[in-house]
Amino acid sequence: AQKVTQAQTEISVVEKEDVTLDCVYETRDTTYYLFWYKQPPSGELVFLIRRNSFDEQNEISGRYSWNFQKSTSSFNFTITASQVVDSAVYFCALRNTGGFKTIFGAGTRLFVKA
Amino acid sequence: DTEVTQTPKHLVMGMTNKKSLKCEQHMGHRAMYWYKQKAKKPPELMFVYSYEKLSINESVPSRFSPECPNSSLLNLHLHALQPEDSALYLCASSQERGAGTDTQYFGPGTRLTVL
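From first to last, the protein sequence lines stand for chains V and A.
Per the numbering used here, the first sequence starts with residue 148, numbered consecutively.
Per the numbering used here, the second sequence starts with residue -8, numbered consecutively.
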């Protein structure tokens, strides 16, 4: 069975704080793909990152960084020096090779207060 | 350019109306998707088209009827909807080099209200 768990329903931080969004996944496949999407209040799902299961290198993009650990089946997302514009719902998602279905986590709602 | 467009942005319809949602992409993607998203929930897959053929129908009621006229366009025809069908409807597309590897790019969605 495939599953994505985002245990944090809501997180509230003050601007400039660092925040980490947790994502734990389950899959029996050896090859799979993990994603993070951002959904601001406007509704559009914005693609942030894709990570292949065979590439455990962590990634940094500006204030965003991702920590992929196969040993713990986790793919966590950290925002450094958060800003009000980071307020959104963030979804972690899983896809297997050859499949069209994307398994989404329940999402984490992030509030960044000025 | 990773843009998927959807029209209309908002739609209010009665239970006896017939309406259509439209989605368009010009990225040369060959897979297109419809998702339904209720408030405070993740998106739920409804349909997938691959090379203009319906590949997946997630047991969606027949009052939702998808159509893919060409590789750039995807429609969702609505008829005799129920109030519980009120939701955000998201369209997405992906290259389909190898379906699992592809990143899905989403449109801004249509907020549907059924009265």
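Where is the CB? At the ideal position from N, CA and C, for every residue including glycine.
What residues are listed by DSSP as bridge partners for residue i?
i	result
tyrosine 40 of chain A	A/Met23, A/Leu45
histidine 1 of chain A	A/Arg102
leucine 191 of chain V	It should be pointed out that residue 191 of chain V corresponds to glutamate in this sequence rather than to leucine. Answer is none; glutamate 191 of chain V lacks a bridge partner.
alanine 83 of chain A	A/Tyr24, A/Phe97
threonine 152 of chain V	V/Val171
glutamate 203 of chain V	According to DSSP, glutamate 203 of chain V bridges with nothing at all.
arginine 210 of chain V	For arginine 210 of chain V, which the question treats as bridged, DSSP gives no partner whatsoever.
histidine 68 of chain A	A/Ser11, A/Ser56
threonine 225 of chain V	V/Thr167, V/Ser212
valine 231 of chain V	In the DSSP output, where bridge partners are listed per residue, valine 231 of chain V has none listed.
alanine 240 of chain V	V/Phe182, V/Phe251
Where does residue i sit, in a helix, a strand or coil, going by DSSP?
i	result
lysine 29 of chain A	coil
lysine 217 of chain V	helix
valine 51 of chain A	coil
glutamate 75 of chain A	helix
threonine 92 of chain A	helix
serine 63 of chain A	coil
Does the beta-carbon distance from residue i to residue j come in below 8 Å?
i	j	result
tryptophan 97 of chain V	leucine 195 of chain V	As shown, chain V starts at 148 and ends at 261. That puts residue 97 of chain V outside it, with no answer to give.
isoleucine 158 of chain V	leucine 241 of chain V	no
lysine 29 of chain A	alanine 78 of chain A	yes
methionine 23 of chain A	cysteine 59 of chain A	yes
phenylalanine 215 of chain V	arginine 198 of chain V	yes
serine 85 of chain A	glutamine 73 of chain A	no
lysine 217 of chain V	serine 200 of chain V	yes
glutamate 162 of chain V	lysine 260 of chain V	yes
alanine 33 of chain A	phenylalanine 222 of chain V	The residue asked about is misnamed: residue 33 of chain A is proline in this sequence, not alanine. Their beta carbons are not under 8 Å apart, which means proline 33 of chain A does not touch phenylalanine 222 of chain V by this criterion.
glutamate 206 of chain V	tryptophan 213 of chain V	yes
isoleucine 250 of chain V	glutamine 149 of chain V	yes
message = Closer than 9 Å between beta carbons: that is the criterion. Which residues of the segment 70 to 99 of chain A meet it against chain V?
response = Hits within the stretch, in order: Leu79, Leu81, Ala83, Ser85, Glu87, Gly89, Ala90, Gly91, Thr92, Asp93, Thr94, Gln95, Tyr96, Phe97, Gly98, Pro99.
* For the segment 165 to 195 of chain V, which residues have a CB atom closer than 8 Å to at least one CB atom of chain A, in sequence order? -> So the list reads Thr178, Tyr179, Tyr180, Phe182, Tyr184, Ser189, Gly190, Glu191, Leu192, Val193, Phe194, given in the order they occur along the chain.
Please list, in chain order, the residues of the segment 14 to 48 of chain A that have any C-beta partner in chain V closer than 9 Å.
Listed by position, the residues of the segment 14 to 48 of chain A near chain V (Cβ gap below 9 Å) are Ala22, Tyr24, Tyr26, Gln28, Lys31, Lys32, Pro33, Pro34, Glu35, Leu36, Val39, Ser41, Ser46, Ile47.
Item to check | chain A contacts from the segment 190 to 224 of chain V (Cβ-Cβ distance under 8 Å) | outcome: Within the segment 190 to 224 of chain V, contact with chain A at the beta-carbon level (separation under 8 Å) is assigned to Gly190, Glu191, Leu192, Val193, Phe194, Arg197, Asn199.
Between the segment 228 to 255 of chain V and chain A, which residues of the former have a C-beta closer than 7 Å to a C-beta of the latter? Cβ proximity to chain A below 7 Å picks out Phe238, Arg242, Asn243, Thr244, Gly245, Gly246, Phe247, Lys248, Thr249, Phe251, Gly252, Ala253, Gly254 from the segment 228 to 255 of chain V.
Pairs of beta-carbons, one from the segment -1 to 12 of chain A and one from the segment 166 to 185 of chain V, closer than 8 Å: are there three or more?
Contact between the segment -1 to 12 of chain A and the segment 166 to 185 of chain V is absent, because fewer than three Cβ pairs lie under 8 Å.
| task | Give a yes or no on contact between the segment 48 to 58 of chain A and the segment 90 to 106 of chain A, applying the rule of three or more CB pairs nearer than 8 Å. | result | At 8 Å Cβ cutoff, the stretches do not touch.
- Query: Counting Cβ pairs closer than 8 Å, one from the segment 10 to 26 of chain A and one from the segment 231 to 245 of chain V, do we hit at least three?
  - Reply: Contact between the segment 10 to 26 of chain A and the segment 231 to 245 of chain V is absent, because fewer than three Cβ pairs lie under 8 Å.
Pair every Cβ in the segment 246 to 260 of chain V with every Cβ in the segment 153 to 170 of chain V, then say whether three or more of these pairs are closer than 8 Å. Enough Cβ pairs lie closer than 8 Å, so yes.
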